[in-house]
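Undergrad: Questions regarding the structure given below will be posed in turn.
Protein chains in written order, with full-length UniProt numbering: chain A, 1 to 815; chain B, 1 to 815.
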């Protein structure tokens with residue numbers, strides 16, 4: 001049952017500005033739009049690429065059951081019409097209403113508390129459920145992260161060889177478990193490479209070729225499996241997921257994006273794609289996985305599961321836990337959640353996020369997947385503090401990092417846009433396989449790209465001590481004693497060789513990451529970005545170090561680098577460079593610095609990290625405005641109102657509101673329209689809601705009623721209330737309607753929102769944007785001297801913002 | 001010129017519910033109200049205590065010049081009437097309007113940028129001024145903190161003795177400077193106690209008595225000086241200042257609170273009062289000092305200095321810098337600013353706050369007032385990690401901490417309220433002297449209270465190693481080697497003696513801090529709280545340790561405490577206890593944990609710290625709802641709308657709005673009132689603003705006009721416009737008024753806010769409270785079907801919240 005996908009810009013849907021509503025309508029008219037949420041559980045992924053989420057047909061998931069009873073805060077009564085108030089897929093939630101619903105529920109529980117012991121227990125459970133929920137989220141996130149770490153580490157090593165006596169152990173564990181205490185990056189006798197398994201000698205050309213082939217075959221196998229799993233079972237499991245999480249947290253519904261299938265496939269696919277040696281990281285997807293865990297567990301607690309606004313509190317905490325386990329950085333995780341992904345972040349959430357992040361980190365540390373004592377991923381310890389003059393190279397490094405990040409973002413976006421609108425998007429698995437083969441073939445010969453990216457970062461961060469035998473530490477010096485100071489020395493030939501290999505690695509990583517980020521497997525870009533930056537930083541650092549060695553008398557070195565002491569640590573430059581590129585790519589600021597310092601344990605290096613992160617962010621902002629996540633949000637047309645951007649234009653609400661001049665506003669009068677009138681209005685227009693006015697002549701605003709609620713109420717009334725027919729008056733006012741002879745009126749006051757947010761037509765748009773952001777509005781009504789003039793929806797605001805920024809307003813798709 | 005202060009509850013002002021307006025009015029009528037802001041620079045502090053800020057007469061300070069030209073965002077024109085838009089003292093600011101003003105200014109600069117090179121430079125300066133300003137704030141804060149640290153350390157030692165060869169050195173520096181490398185807490189020959197200076201022997205009763213007397217005399221001298229300075233020059237310099245900073249940041253004007261005199265006197269007074277040995281800390285006031293620096297420096301940049309909303313961004317950053325220098329904790333400072341004091345905290349501010357905090361910490365570290373390598377205040381390093389079972393005692397410690405904190409808050413509040421309403425408040429200097437004498441007399445004999453509180457905390461946090469000779473470490477064991485493991489041992493008699501002294505110290509500190517926090521000298525309570533907790537924790541920890549020694553076979557110890565290893569570290573318990581009490585007192589959460597771990601460098605102990613902080617906060621919340629700062633805000637009646645509290649009641653806007661039933665709303669019609677009518681209205685009513693409606697009959701809302709603007713516009717028109725007289729029509733509409741024969745109309749459209757925030761009468765109060773908090777409103781207009789019904793001001797909201805919480809609504813004083 002192949003369905004032709006909706007591809008914007010192709011012949012099948014000629015209008016660029018297809019909004020969600022018209023898409024939906026076309027579908028109901030039987031056109032070839034695949035935007036389907038059927039009841040059967042069959043999965044059918046169209047070939048246009050799953051990041052274009054509209055075109056993917058996803059299995060119905062837990063989230064489908066998000067129905068709830070509506071209760072208008074103004075009316076203080078719960079409507080008894082079933083299904084009223086539910087959100088449609090790809091719709092924006094109404095924060096104010098959801099929060100009001102939750103408070104009402106809360107009051108109800110408090111009132112009931114006195115009734116019986118059971119109610120008291122229920123009340124206590126309700127009060128604790130937030131903490132309990134984040135506790136569970138933390139626990140599960142920690143466990144899942146541990147499983148992923150162990151699995152990825154084992155399978156990564158599987159590409160190279162096996163532990164014949166205990167195949168379930170990875171290389172390090174294999175060597176440790178047989179008491180070879182002198183384990184080195186080199187080898188141990190218990191661990192056999194595939195060449196050795198096949199009876200080849202340890203060294204030699206034949207052995208090399210066999211290992212090379214095995215490497216490629218395993219990589220292909222893993223990648224194919226990962227891509228197929230994603231394609232077959234959970235199209236939403238691809239990518240890093242952070243753009244979508246940001247959008248969901250800002251108040252948008254994407255069903256199935258955080259469902260159980262996505263969770264399972266993303267976890268398995270992540271292990272596979274990391275093991276395939278692709279240029280991607282598992283840190284970004286960890287946020288998605290944690291949020292999926294948060295979403296699933298929130299259904300255990302109706303307070304959160306059945307209220308989209310409250311659920312987002314749990315998701316914010318889960319995002320913090322995701323970063324926490326990804327980097328072992330609980331505080332960084334909380335700040336990441338606060339700064340980067342969350343939208344609505346009350347202080348209560350801060351505290352719970354911290355708790356959740358801490359539990360997750362604690363569980364992960366207890367599982368101890370890395371098998372070492374340090375709880376930090378890239379533990380560094382430098383002998384020398386940084387010197388003040390070094391701020392100049394650090395800032396330079398920040399600028400370079402910003403430039404690299406901008407190149408990466410622009411190229412990646414160009415490629416993703418090409419994929420989206422070309423035939424390439426129809427062959428996601430093939431694309432993954434091609435990328436994997438190319439990566440594997442180029443990566444294997446270079447030791448720095450062959451090794452695990454995390455290991456490479458660790459190597460680049462580390463200081464050249466007595467135990468470090470890598471080429472990078474081939475300096476012309478002799479270590480006499482472990483405790484003696486390391487003297488500054490000229491670089492040996494090994495260092496220059498390492499630099500060349502690192503430059504090659506840099507180019508490979510940069511190019512491959514551009515093509516990798518966006519393919520249809522789970523993939524993050526924290527680790528690749530860090531790696532790019534670490535390579536640049538290390539090379540830069542060696543340069544500064546050699547400068548200090550050869551010209552120790554120069555005034556900026558002379559103060560600190562006395563008597564042959566090694567005052568410049570290239571590893572620190574690698575760390576700073578890593579922060580710079582990651583900062584440029586994601587535009588994180590405080591959270592980046594905190595993550596870096598939790599990641600490395602380098603409390604003393606906050607100032608260099610911050611200088612570089614700041615320079616990088618400014619350069620990035622100057623060259624290309626958006627971070628990678630925001631750029632992908634824009635590419636996919638998600639309705640995300642960034643709270644960081646400032647709206648700096650002079651337009652007024654009157655310029656933005658619908659309807660424009662020469663159009664009429666669809667309104668419902670409070671007591672003069674019949675059911676037929678209302679049903680005609682519903683048929684003729686596609687708005688999500690209608691303002692209710694006193695009379696068509698006066699246009700004084702009474703309230704607002706949602707299309708969905710109106711439909712349900714009418715259907716319900718037809719079914720249940722006697723005598724209701726097309727001529728019945730639909731009455732929203734509270735008093736008795738004028739006595740007429742006709743059929744009984746349909747009273748709908750209880751579905752009327754008597755407290756819609758209104759603004760005057762003279763309100764500047766900056767205030768309107770502010771209100772949409774801070775109050776989480778879905779729409780607002782525009783009045784002048786009390787008369788209704790029009791409506792502004794979130795989509796109108798987003799389009800207006802795009803228009804003002806000289807972007808294509810039709811790229812805003814959803815409402 | 002003694003003035004009788006306004007004392008609420010005394011005969012001079014019989015009404016409890018005196019609002020600010022009526023206070024002001026009484027004053028103008030010549031009653032004995034001392035709420036004066038005269039133009040002369042004379043300072044006259046009334047005796048009722050300066051925390052009751054209304055009754056203090058303060059010098060006119062920098063902040064007085066906060067005048068600006070108004071520009072209604074709706075009208076897009078700048079009114080040319082001077083003085084319009086300024087805020088009165090003790091008034092609430094209108095965030096929306098100030099931010100709109102700033103954006104307009106920004107647009108103007110951008111537009112002008114193309115005109116000339118100079119405008120381009122001006123534009124660049126404007127763009128950078130935020131960063132430049134926080135940089136300067138960081139620099140100055142670091143320097144001032146360094147001076148305070150050095151000064152306080154020198155004067156604290158001055159109580160005990162002097163360095164005759166270089167009197168400007170403190171004890172530690174004195175001993176160091178003469179190469180006595182074996183400096184101990186004991187003595188060195190260069191440093192002479194006062195007894196030695198007077199020729200007494202080093203030991204002996206005579207020497208003891210002389211030292212005792214000198215101690216008391218110096219303490220009295222310092223305290224008297226501090227109290228007199230505060231009383232004479234800057235009444236706002238007393239206390240910790242954090243409640244007021246919170247209120248100011250939430251959008252309230254207190255002139256002079258952050259002025260230059262307050263800064264100078266608070267800095268000097270802080271050195272003196274810390275040196276006086278009172279039970280207070282210098283950490284809280286450091287936040288006030290930093291904010292004062294921020295305020296003063298913001299006047300260098302009109303963008304911030306002349307815009308109250310923008311200025312608060314700088315103040316938020318300054319608060320972060322204050323905590324950063326107080327504890328050497330930049331990240332903790334930012335989180336403190338975010339969690340505890342700030343109200344409006346956009347992400348841009350987060351980044352700038354971090355920068356500011358970092359610069360301040362960096363400068364302070366460069367000054368190096370503590371003269372040691374570690375940048376952390378209480379650096380700890382324990383040999384053993386904590387064991388899982390210990391979570392139980394940690395949580396118990398948290399509960400104890402919460403109880404102690406609650407006792408402290410309740411007792412302190414009781415005493416402050418007594419001081420406020422009794423004769424005691426009239427003798428602030430006497431009170432300070434009495435408290436000082438009592439503290440000095442009781443504190444000296446006990447070595448733990450005689451020493452500096454910071455030193456005591458450091459001692460309690462530390463682990464008993466080979467070099468620690470204090471009684472606390474008198475265990476029955478022999479150290480054979482520095483590097484050997486410390487074995488667990490039975491406590492010797494010294495430990496028991498130390499415990500008794502510590503219990504006495506605990507009681508003294510608790511009682512004295514209750515009486516000290518609130519006296520009229522600069523005083524904070526971070527350090528006293530930490531100290532209380534550290535004492536409890538250390539005693540508790542020794543108990544657990546001895547339990548583990550005597551019953552090593554019990555199941556919870558048996559797993560970890562094998563073979564005589566010291567698995568319990570009492571110092572860690574002290575740290576956890578300190579966090580618990582501080583958390584209970586201030587109700588800080590994440591920021592507390594981060595500060596504690598930055599303070600001690602103990603990254604591994606986040607989980608214990610958090611468990612204790614959480615338990616303490618919950619116990620505190622269960623026993624007494626408010627933290628000390630919020631309690632003091634409530635005590636002083638500041639208009640602070642806490643963004644942490646949830647409004648959980650069912651009232652509607654109609655229940656809260658003014659006027660109540662049977663009263664009429666003061667409105668202005670858009671084109672039918674004469675100048676006399678308007679002036680009469682202004683005379684008869686005291687509202688801060690008036691709604692403008694279409695006509696008195698229809699009551700359809702047109703806009704909102706501020707009293708202040710109206711007064712100025714009328715005065716201006718009378719002065720400048722020909723023909724304006726009492727019969728002139730006041731016209732707010734844009735079209736031409738109906739042609740009448742009378743005098744020319746006064747057109748005031750440009751002072752009319754055409755975009756007031758409106759709500760319907762059916763809006764639930766929870767939404768209204770949310771709007772006030774998130775949009776920073778000053779008032780909102782209530783409509784029904786487009787007709788104006790009433791007004792809700794921030795004061796109405798605050799009173800309603802109080803009423804709903806069964807508190808006295810009349811305690812809300814300001815508007």
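Glycine residues also receive a C-beta, built at the ideal position from the N, C-alpha and C atoms. Nothing here was measured: the structure is a model prediction, and the numbers come from that model.
What's the gap between the Cα of residue 710 of chain A and the Cα of residue 123 of chain A?
TA: Cα to Cα, residue 710 of chain A sits roughly 34 Å from residue 123 of chain A.
Undergrad: Buried or exposed: which applies to residue 648 of chain B, given that a residue is buried once 16 or more other Cβ atoms fall within 10 Å of its Cβ?
TA: Counting Cβ neighbours within 10 Å, residue 648 of chain B comes out exposed, since fewer than 16 surround it.
Undergrad: Under 7 Å Cβ-Cβ, which residues of chain B neighbour residue 700 of chain A?
TA: Those are 785, 786, listed as they occur along chain B.
Undergrad: Any contact between the segment 628–641 of chain A and the segment 588–604 of chain A? By contact I mean 3 or more CB pairs, one from each, below 8 Å.
TA: No: fewer than three Cβ pairs fall under 8 Å.
Undergrad: Within 10 angstroms of its Cβ, does residue 696 of chain B collect 16 or more other Cβ (buried), or is it exposed?
TA: Answer is exposed; the Cβ neighbour count stays below 16.
Undergrad: Compute every distance between the C-beta of residue 197 of chain A and the non-hydrogen atoms of the ligand ADP, then say whether any falls below 7 Å.
TA: The ligand ADP is not part of the structure shown, which contains no ligands of any sort.
Undergrad: Given a cut-off of 8 Å on the beta-carbon distance, is the pair residue 359 of chain B and residue 537 of chain B in contact?
TA: For residue 359 of chain B and residue 537 of chain B, no; Cβs fall outside 8 Å.
Undergrad: Quick one, are the C-beta atoms of residue 476 of chain B and residue 492 of chain B less than 8 Å apart?
TA: Yes. Within cutoff.
Undergrad: So is residue 351 of chain B in contact with chain A if we call contact Cβ pairs under 8 Å?
TA: It does: the Cβ of residue 351 of chain B has a partner Cβ on chain A nearer than 8 Å.
Undergrad: Take the Cβ of residue 653 of chain B as the centre, count every other Cβ of all protein chains shown within 10 Å, and call the residue buried at 16 or more, exposed below.
TA: The residue is buried, with at least 16 neighbouring Cβ atoms inside 10 Å.
Undergrad: Could you compute how far the alpha carbon of residue 130 of chain A sits from the alpha carbon of residue 314 of chain A?
TA: One C-alpha to the other measures close to 8 Å.
Undergrad: Residues of chain A with a CB under 9 Å from the CB of residue 610 of chain B: which are they?
TA: Simply 354, 355, 358.
Undergrad: In three-state DSSP terms, what is residue 585 of chain B?
TA: Residue 585 of chain B: helix per DSSP, three-state reduction.
Undergrad: Just checking, does the segment 263–273 of chain B make contact with the segment 288–298 of chain B on the three C-beta pairs under 8 Å criterion?
TA: Yes: the two stretches touch, three or more of their Cβ pairs being nearer than 8 Å.
Undergrad: Could you work out which residues of chain B lie near residue 759 of chain A, taking near to mean beta carbons separated by less than 9 Å?
TA: The answer, in chain order, is 755, 757, 758.
Undergrad: For residue 362 of chain A, return the contacting residues in chain B, with the cut-off set at a CB-CB distance below 7 Å.
TA: Correct list: 607.
Undergrad: Please determine, among B:111, B:575, B:280, the residue with the shortest C-alpha to C-alpha distance to residue 509 of chain B.
TA: Measuring from the Cα of residue 509 of chain B, the nearest candidate turns out to be B:280.
Undergrad: State yes or no: is the beta carbon of residue 764 of chain A nearer than 8 Å to at least one beta carbon in chain B?
TA: Yes, because at least one Cβ of chain B sits closer than 8 Å to the Cβ of residue 764 of chain A.
Undergrad: Could you tell me the distance, in whole angstroms, from the CA atom of residue 368 of chain A to the CA atom of residue 549 of chain A?
TA: For residue 368 of chain A and residue 549 of chain A, the distance between alpha carbons rounds to 41 Å.
Undergrad: Interface residues of chain A around residue 553 of chain B at Cβ under 7 Å?
TA: Correct list: empty, because the minimum Cβ distance to chain A is about 25 Å.
Undergrad: Taking only three categories from DSSP, how would you classify residue 296 of chain A?
TA: Helix.
Undergrad: Using the three-state DSSP reduction, which class does residue 747 of chain B fall into: helix, strand or coil?
TA: Residue state, collapsed to three classes: strand.
Undergrad: In the DSSP assignment, the beta strand (DSSP E) including residue 837 of chain A goes from what residue to what residue?
TA: This structure leaves residue 837 of chain A out entirely; chain A is present only between 1 and 815.
Undergrad: Whole angstroms is fine: what's the gap from residue 683 of chain A's alpha carbon to residue 708 of chain A's?
TA: Spanning the two alpha carbons is a distance of roughly 12 Å.
Undergrad: Which residues of chain A have a Cβ atom closer than 7 Å to the Cβ of residue 103 of chain B, listed in chain order?
TA: Under the 7 Å cutoff, chain A gives 648, 766.
Undergrad: Return the CA-CA distance between residue 52 of chain A and residue 420 of chain A, expressed in angstroms with no decimal places.
TA: Residue placement at residue 52 of chain A is flagged as unreliable, the pLDDT there being 38, under the threshold of 50; a coordinate-derived value is accordingly withheld.
Undergrad: Closest by CA to residue 902 of chain B, which one among B:169, B:744, B:150?
TA: For chain B, the structure presents residues 1 to 815; residue 902 of chain B sits outside this window and is missing.
Undergrad: So what does DSSP say about residue 764 of chain A, is it helix, strand or coil?
TA: DSSP places residue 764 of chain A in strand when its eight states are reduced to three.
Undergrad: Is there a Cβ from chain A that is less than 8 Å from the Cβ of residue 589 of chain B?
TA: Residue 589 of chain B counts as touching chain A.
Undergrad: Given that a residue counts as buried once 16 or more other Cβ atoms are within 10 Å of its Cβ, and exposed if not, what is residue 232 of chain B?
TA: Residue 232 of chain B comes out exposed.
Undergrad: Helix, strand or coil for residue 27 of chain B? Go by DSSP, reduced to three states.
TA: Any answer about residue 27 of chain B is weak, because its pLDDT of 34 lies below 50 and its placement is not dependable; what the coordinates show is given next. Here residue 27 of chain B sits in helix by DSSP.
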